[in-house]
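Numbered according to the working numbering, the sequence shown terminates at residue 1119, and the numbering increases by one at each position without gaps.
Each remark here refers to the structure printed beneath this line.
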Amino acid sequence: MLRTITQFAGRVLPTRVVHAHCDIPCGIYDPRDAIQAAQTVIRMTELIEGLGAPSSVADHNSFVRYVQVKEEHAEKAKHDILIIWTDYFKPEHLAAHPDLHTK
């Protein structure tokens, strides 16, 4: 049913390919979210290291929770940094700073 509706809509409503420069067309490239996510990863790592070997169910639960939060924020930091890296930096940035991608 959904496929039929989608096919009908595709015939009735013409579509065209569009291209966007970036995910945030307004030009806002703020690294604060990536920084906060990275700081969370650091803090969760410190908490994990402070636990030692899990000796109780509570320790095991804390370990699992810390790892889950650390991984979630690591993915967020990676995603945010990738967006800035791929969408923000233009050829004129590379011309002004040739070592931009190597430092």
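Cβ coordinates follow ideal geometry from the N, Cα and C atoms, glycine included.
According to the neighbour-count rule (16 or more other Cβ atoms, all chains shown, within 10 Å of its Cβ), is residue 1017 buried or exposed? By 1-based counting over the sequence shown, the position of residue 1017 is 1. Answer is exposed; the Cβ neighbour count stays below 16.
C-beta atoms of residue 1060 and residue 1094 nearer than 8 Å: As a first step, residue 1060 must be located in the sequence shown, where it is residue number 44. As a first step, residue 1094 must be located in the sequence shown, where it is residue number 78. Going by C-beta atoms, residue 1060 is not nearer than 8 Å to residue 1094.
Does the segment 1088 to 1107 come close enough to the segment 1046 to 1061 that 3 or more CB-CB pairs lie under 8 Å? Segment contact: the segment 1046 to 1061 against the segment 1088 to 1107, three or more CB-CB distances shorter than 8 Å; contact assigned.
Does the separation of the CB atoms of residue 1045 and residue 1063 fall below 8 Å? On the sequence shown, residue 1045 is found 29 positions in, with the first residue counted as 1. On the sequence shown, residue 1063 is found 47 positions in, with the first residue counted as 1. Not in contact: residue 1045 and residue 1063 (Cβ atoms no closer than 8 Å).
Look at the alpha carbon of residue 1028 and the alpha carbon of residue 1103, and state the distance between them as a whole number of angstroms. Position 12 of the sequence shown holds residue 1028. Position 87 of the sequence shown holds residue 1103. Approximately 34 Å, taken between the alpha carbons.
Rounded straight-line distance, which links the Cα of residue 1058 to that of residue 1119: Walking along the sequence shown from the start, residue 1119 turns up at place 103. Walking along the sequence shown from the start, residue 1058 turns up at place 42. If I take the Cα positions, the gap works out to 22 Å.
Closest to residue 1049 by C-alpha separation, out of 1101, 1097, 1111 and 1020, would be which residue? If you number the sequence shown from 1, residue 1049 lands on position 33. If we check each option's Cα against that of residue 1049, 1097 comes out closest.
Where do the N-terminal and C-terminal ends of the alpha helix (DSSP H) with residue 1050 fall, by residue? What you label residue 1050 is simply residue 34 of the sequence shown in a count that begins at 1. Per DSSP, residue 1050 belongs to the alpha helix (DSSP H) from 1048 to 1067.
Residue 1030 - containing alpha helix (DSSP H), residue span: As a working mapping, residue 1030 is identified with position 14 in the sequence shown. Premise fails: residue 1030 is in no alpha helix (DSSP H) and is neither H nor E.
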